[in-house]
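**Student:**
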Amino acid sequence: MTGWLLQTEHLTKRFGGVTAADDINLELPRGEFHAVIGPNGAGKSTLIGLLAGEIAAEAGAIRFDGNDMTRLRADRRSRLGLARSFQITSLFAEFSALDNVALAVQAHAGHSFRFWKDARRDRTLREPARAALAGVGLEARADTRVDRLSHGEQRQLEIAIAIATGPRLLLLDEPMAGLGPEESARMQDMLRRLKSGMTILLVEHDMETVFALADRVTVLVYGRVIASGEPAAIRADPAVREAYLGEQEARGHG
Amino acid sequence: MKAALAFLHKQAPGFLFEPNTGLIAAVLALLALVPLYAAVAGDPFALTLFTRIVIMALAAVSLNLIMGYGGMVSFGHAAYLGIGGYAVGILWKEGLGSGFLQWPVAIGASALFALVVGALSLRTRGVYFIMITLAFAQMVYYVAQGLDRYGGDDGLTIGNRSTFHGLVNLNDNTLFYYLCLVLLLASVYLVSRLVNSRFGLAIQGARSNERRMRAVGFPTFRYKLVSFVIAGALCGLAGALLANQTNFISPALMFWTRSGDLMVMVILGGLGSLFGPVIGTVTYLLLEEALSRVTEYSGLIIGPALLLVAIYLRGGIEGVFRKAAP
Amino acid sequence: MRAGVGGSTSDILPQQTDEQFLRPIPYPSPPRALRAGGGKSSAVMLYFIEQSLNGVQLGMLLFLLAAGLTLIFGIMDLVNLAHGSLYMLGAYFAATFAAATGSFVLGAALALIATAVSGMALEVIAIRPLYGRPHLDHVLGTFGLILFFNELVRLVWGPAGMTLSLPSEMLTAVQIIPGVYYPLYRLVIILVTLAVAALLYILVMHTRLGMLIRAGASNREMVGALGVNIKLLYTLVFGLGAALAAFAGVMQAPILAVQIGMGENILILALVVIVIGGIGSIRGAFVAALIVGLIDTLGRAFLPPLLHAVLSTTAALTLAPALSSMSIYMLMAAILVVRPEGLFPAASR
Numbered sequence: 000m001t002g003w004l005l006q007t008e009h010l011t012k013r014f015g016g017v018t019a020a021d022d023i024n025l026e027l028p029r030g031e032f033h034a035v036i037g038p039n040g041a042g043k044s045t046l047i048g049l050l051a052g053e054i055a056a057e058a059g060a061i062r063f064d065g066n067d068m069t070r071l072r073a074d075r076r077s078r079l080g081l082a083r084s085f086q087i088t089s090l091f092a093e094f095s096a097l098d099n100v101a102l103a104v105q106a107h108a109g110h111s112f113r114f115w116k117d118a119r120r121d122r123t124l125r126e127p128a129r130a131a132l133a134g135v136g137l138e139a140r141a142d143t144r145v146d147r148l149s150h151g152e153q154r155q156l157e158i159a160i161a162i163a164t165g166p167r168l169l170l171l172d173e174p175m176a177g178l179g180p181e182e183s184a185r186m187q188d189m190l191r192r193l194k195s196g197m198t199i200l201l202v203e204h205d206m207e208t209v210f211a212l213a214d215r216v217t218v219l220v221y222g223r224v225i226a227s228g229e230p231a232a233i234r235a236d237p238a239v240r241e242a243y244l245g246e247q248e249a250r251g252h253g
Numbered sequence: 000m001k002a003a004l005a006f007l008h009k010q011a012p013g014f015l016f017e018p019n020t021g022l023i024a025a026v027l028a029l030l031a032l033v034p035l036y037a038a039v040a041g042d043p044f045a046l047t048l049f050t051r052i053v054i055m056a057l058a059a060v061s062l063n064l065i066m067g068y069g070g071m072v073s074f075g076h077a078a079y080l081g082i083g084g085y086a087v088g089i090l091w092k093e094g095l096g097s098g099f100l101q102w103p104v105a106i107g108a109s110a111l112f113a114l115v116v117g118a119l120s121l122r123t124r125g126v127y128f129i130m131i132t133l134a135f136a137q138m139v140y141y142v143a144q145g146l147d148r149y150g151g152d153d154g155l156t157i158g159n160r161s162t163f164h165g166l167v168n169l170n171d172n173t174l175f176y177y178l179c180l181v182l183l184l185a186s187v188y189l190v191s192r193l194v195n196s197r198f199g200l201a202i203q204g205a206r207s208n209e210r211r212m213r214a215v216g217f218p219t220f221r222y223k224l225v226s227f228v229i230a231g232a233l234c235g236l237a238g239a240l241l242a243n244q245t246n247f248i249s250p251a252l253m254f255w256t257r258s259g260d261l262m263v264m265v266i267l268g269g270l271g272s273l274f275g276p277v278i279g280t281v282t283y284l285l286l287e288e289a290l291s292r293v294t295e296y297s298g299l300i301i302g303p304a305l306l307l308v309a310i311y312l313r314g315g316i317e318g319v320f321r322k323a324a325p
Numbered sequence: 000m001r002a003g004v005g006g007s008t009s010d011i012l013p014q015q016t017d018e019q020f021l022r023p024i025p026y027p028s029p030p031r032a033l034r035a036g037g038g039k040s041s042a043v044m045l046y047f048i049e050q051s052l053n054g055v056q057l058g059m060l061l062f063l064l065a066a067g068l069t070l071i072f073g074i075m076d077l078v079n080l081a082h083g084s085l086y087m088l089g090a091y092f093a094a095t096f097a098a099a100t101g102s103f104v105l106g107a108a109l110a111l112i113a114t115a116v117s118g119m120a121l122e123v124i125a126i127r128p129l130y131g132r133p134h135l136d137h138v139l140g141t142f143g144l145i146l147f148f149n150e151l152v153r154l155v156w157g158p159a160g161m162t163l164s165l166p167s168e169m170l171t172a173v174q175i176i177p178g179v180y181y182p183l184y185r186l187v188i189i190l191v192t193l194a195v196a197a198l199l200y201i202l203v204m205h206t207r208l209g210m211l212i213r214a215g216a217s218n219r220e221m222v223g224a225l226g227v228n229i230k231l232l233y234t235l236v237f238g239l240g241a242a243l244a245a246f247a248g249v250m251q252a253p254i255l256a257v258q259i260g261m262g263e264n265i266l267i268l269a270l271v272v273i274v275i276g277g278i279g280s281i282r283g284a285f286v287a288a289l290i291v292g293l294i295d296t297l298g299r300a301f302l303p304p305l306l307h308a309v310l311s312t313t314a315a316l317t318l319a320p321a322l323s324s325m326s327i328y329m330l331m332a333a334i335l336v337v338r339p340e341g342l343f344p345a346a347s348r
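So the protein lines, in turn, are chains A, B and C. Take the first sequence: its position 162, counting from 1, is numbered 161 in numbering that gives the first Met the number 0, and each next residue is one higher. Take the second sequence: its position 88, counting from 1, is numbered 87 in numbering that gives the first Met the number 0, and each next residue is one higher. Take the third sequence: its position 190, counting from 1, is numbered 189 in numbering that gives the first Met the number 0, and each next residue is one higher.
1. Quick check on DSSP: helix, strand or coil for glutamine 153 of chain A?
2. Can you name the residues of chain B whose CB is closer than 7 angstroms to the CB of arginine 185 of chain A?
3. Can you find the residues in the same chain that come closer than 6 angstroms, C-beta to C-beta, to alanine 256 of chain C, ignoring five residues on each side of it along the sequence?
4. DSSP state of glycine 125 of chain B, grouped into three classes?
5. Looking only at C-alpha atoms, which of A:Glu138, A:Ile23, A:Ala34, A:Asn24 sits nearest to alanine 213 of chain A?
6. Among residues of its own chain, excluding the 5 on either side of isoleucine 47 of chain A, which ones have a beta-carbon nearer than 7 angstroms to its beta-carbon?
7. Leaving out the 5 sequence neighbours to the left and right, which residues in its chain are closer than 6 angstroms to glycine 37 of chain C when beta-carbon positions are compared?
8. Between tryptophan 255 of chain B and chain C, is there a C-beta pair that is closer than 8 angstroms?
9. For alanine 90 of chain C, is the classification buried or exposed, using 16 other Cβ atoms within 10 angstroms of its Cβ as the cut-off for buried?
10. Could you tell me the alpha carbon to alpha carbon distance between leucine 119 of chain B and threonine 219 of chain B, rounded to whole angstroms?
11. I need the boundaries of the alpha helix (DSSP H) containing tryptophan 115 of chain A, first residue and last residue.
12. Closer than 8 angstroms is the cut-off here; do at least three beta carbon pairs connect the stretch 127–147 of chain B with the stretch 271–283 of chain C?
13. Output, in sequence order along the chain, the residues in the stretch 109–141 of chain B whose CB is closer than 8 angstroms to any CB in chain C.
14. Aspartate 74 of chain A touches chain B at which residues, Cβ-Cβ below 7 angstroms?
15. Contact check, leucine 46 of chain B vs alanine 37 of chain B under 8 angstroms by CB: the rounded distance?
16. Given 7 angstroms as the limit, tell me if leucine 284 of chain B has its C-beta closer than that to any heavy atom belonging to the ligand ADP.
17. Which of the three DSSP states is assigned to histidine 164 of chain B in this structure?
18. Applying the 10 Å Cβ sphere with the 16-neighbour rule, what's the burial state of phenylalanine 20 of chain C?
19. Under 8 angstroms between beta-carbons, which chain B residues line up against threonine 317 of chain C? List them in chain order, please.
20. Along the chain, which unbroken stretches of the beta strand (DSSP E) at least 3 residues long are found entirely within the stretch 52–131 of chain A?
21. Below 8 angstroms, how does it come out for the stretch 20–29 of chain A and the stretch 210–225 of chain A: are there three or more Cβ pairs, yes or no?
22. From arginine 34 of chain C to isoleucine 254 of chain C, what distance separates their C-alpha atoms?
23. Can we say the stretch 175–182 of chain B touches the stretch 221–231 of chain B, given the rule of at least three CB pairs closer than 8 angstroms?
24. Roughly how many angstroms separate the alpha carbons of valine 55 of chain C and glycine 292 of chain C, rounded to a whole number?
25. Please confirm if proline 362 of chain B has its CB atom under 8 angstroms from at least one CB of chain C.
26. Leucine 193 of chain A and methionine 186 of chain A - do their beta-carbons sit closer together than 8 angstroms?
27. Starting from the C-beta of alanine 239 of chain B, find all residues in its chain whose C-beta is less than 6 angstroms away, skip the five residues before and the five after it, and write them out in chain order.
28. At least one CB of chain B closer than 8 angstroms to the CB of serine 117 of chain C: is that the case?
29. Do you know how far the Cα of glutamine 153 of chain A is from the Cα of arginine 140 of chain A?
30. When burial is assigned at 16 or more other CB atoms within 10 Å of the CB, is glutamate 31 of chain A buried or exposed?
31. Is serine 109 of chain B helix, strand or coil when you go by DSSP?
32. Quick one: what's got a C-beta closer than 7 angstroms to leucine 129 of chain C's C-beta in the same chain, skipping five residues either side?
33. Can you look up isoleucine 248 of chain B in the DSSP assignment and give me helix, strand or coil?
34. Tell me the start and end of each unbroken alpha helix (DSSP H) in the stretch 228–302 of chain B that is at least 4 residues and wholly inside, in chain order.
35. How many Å lie between glycine 69 of chain B and serine 326 of chain C at the Cα?
36. With H, G and I counted as helix, E and B as strand and the rest as coil, what does DSSP make of threonine 143 of chain A?
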């Protein structure tokens, strides 16, 4: 049992009449790169919200490293080692890129009731932050205000912030959203590098990335898991082809 | 003055916005020279006016900490002004005239009230937050109105200023003015340290993107609450000073329009800039004073001026100078 | 100026206490039975009914103001502190036109039109640039407008204030149930306001304009895409809000002095109402207005004798006024702690 880093049991959430998460059971072993795919409105973002602690589950449980964290707030989950990136870029717009990452480091460097010393000169915050920026190839943009970064750079910064919290599990909510081909390729390389050191749950529309990187894939449709398994098996699954891939192909050819 | 600025700048980077050093130096020089002018020109009212300006600037600086840096739009900040003032008045009335008691009580009571208000109201967002802080201030206003022993609606005249057992004599108006000015500058310095510290970055992060702050692991509520308490305590000090200056307290100290005035001073000067509230307060109160000498109907000018500021002057006066600077 | 403490706008804004506008016609003193803290329950009951009606009447007036505020808030996302100024303007217009025409009803009607037109002009000139800006800018700008209107009224009508007299046939009391006489005019306020509330409900829920208003509240772009002139829609809504505020001012004017600053206190009460009700919700405003009106009035009427029964005279005398003035603010704080978006949170905002 304790082999799993993340488990969900019968996780359920309704919004009005819509069941956005319907009895979801997921199991992620340590070190797995797990992708969640599904058509629009399948409840992928709801799943991320439930796991990150922004949406309260109606029923079911979430276990992280064997401990129940179903009722923990988002910030507690982060401090336990769970990090997320946002589908719609969510940064501290009027701060520099380095400040953004340093804040994430700071959140995990003890409490912040430190009132006097200049935090921007605190090497215990700045150096790990610089390292995280370098990890996503943004070191040259460290002092640029975030609202002056390009969209692609902002997406990279999203990842850097998540990594800087030193997570054991990384939830990535459509990191490729809105990226051009070149930026996508760069992002894909980055994810591949991350893969070696971390357990990752990736929600993504970009099928090429998913099938190139994922160890296992789960398919969500209308909040339900319709299939879960290795990429090859998922590719071959008729139900998945019908519900999701078929639609993609149809769109591709239409 | 230049040397002092250089010293401050070295002490706290970001303490002074580079492009604005000139403007800030000018305002500080003005404030420093007021007693001299009052003595030479034989205009004691100038000293009275500027003492009030300096005290209100202190209150505005405290509001700027939560509103400008923390993004918490408190529409009830005058309550702390009143609580600080009433702490001095009530203790005096009960025969306790020592500033060593009155001032800490003023600060402590304001901090305590801020703790309660913050703990309850920081659960709400946006306009609801604006309104609930306003409601709490109105409550204190009505409590003060009901305090018949301390003057009720009419207010209470305080017999003498706080005593400091020979250390300082607040009855010396010039000395009192400089004490207020020193406290103002000290509080600006305090805020400059605060906002650049880990704590300050945490509350600014919460203003910028609270959801993200939680996602990276910050329990934002407690940091916002503590900043709320610090701001309340500072404003309580301003209230104690105000009661000392006028030797009078009344519920009018915390009427909601007074909270509006404080917001105006902060916004006018420039939200989230260190000296902005000082510049805004000097501008607002001087303008008011000047207009009231020229016309009986100063509101006809101030009102539309505020509207124009709201429409066109993003970043306040300080922001304009920052942009205008090369 | 009060010994120099005053300063700032407090000198410009006369500070009127709730007491002044809530206590127009002196309340009948509580029945002796109540003052003695028990005894004849029928007298207490009659007093209770009378005070409840007063509470409903206050609630209805608050609803008129709150409905406009919450519409403007819900649709334009605008915090309009100057709403109280329109209330004041309505009262001044009514007093002026009634004096000029010699007719209360005609004066009131003209005042409504004049205030609606003023409101629309205000919207075009001053409010429009504030749309889409941070709420803080709204607070600053409309706070400025309060100062402006107070001074303007002082310039035009003088500092003394005015009175608006009721037609003589209104100056009677009617027996509503055996033993309870109630001022006819207050009954009229309740009934007329209920009618306005019903009309407003029909307007918002069952007309094309109402459909646009509701659509505009939830999706600005979509309404714009439908080819609707959204600027005109906003101006009309603002005018409607102004007319509602003026209506409240006109109805209240005969009971109270018409004076500068009369809008400030009632504005705060109306803000409390829309916050309790849930910003943007007319139904919430209606319910909350009734709650606030009743609690405020009944608190003032019954807290003093109740406290008197429990506490010493001095303690009761000190506590009662403060507590009754605070009651609605405590209610609001309590409601927001439990429901941070009010009783009827408007969907999707």
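We put the CB at the ideal spot given by N, CA and C, even for glycine.
**Tutor:** Let me spell this out:
1. helix
2. The contacting residues do not exist; arginine 185 of chain A stays about 23 angstroms from chain B at best.
3. Gly160
4. helix
5. A:Ala34
6. Arg83, Leu170, Asp172, Val202
7. Annotation note: pLDDT 47 at glycine 37 of chain C (below 50); position unreliable, no value reported.
8. yes
9. buried
10. 15 angstroms
11. No alpha helix (DSSP H) holds tryptophan 115 of chain A; DSSP gives it neither H nor E.
12. yes
13. Leu119, Ser120, Arg122, Thr123, Arg124, Gly125, Val126, Tyr127, Ile129, Met130, Ile131, Leu133, Ala134, Phe135, Gln137, Met138, Tyr141
14. Arg213, Gly216, Phe217, Pro218
15. 4 angstroms
16. Of the ligands one can find in the structure shown there are none, so the ligand ADP has no counterpart to examine.
17. coil
18. In this predicted model, phenylalanine 20 of chain C has a pLDDT of only 35, less than 50, meaning its place in the structure is not dependable; the value taken from the coordinates is given anyway. Buried, by the Cβ-count rule.
19. Gly145, Leu146, Asp147, Arg148
20. 58–63, 81–83
21. yes
22. For arginine 34 of chain C, the pLDDT reaches just 49, beneath the cut-off of 50, and the residue's location in the model is therefore unreliable, leaving the point undetermined.
23. no
24. 6 angstroms
25. As displayed, chain B neither begins before 0 nor continues past 325, which places residue 362 of chain B out of reach and without an answer.
26. no
27. Gly83, Val87, Trp102, Ala105
28. no
29. 11 angstroms
30. buried
31. helix
32. Leu77, Asp136, His137, Gly140
33. strand
34. 255–268, 275–293
35. 30 angstroms
36. coil
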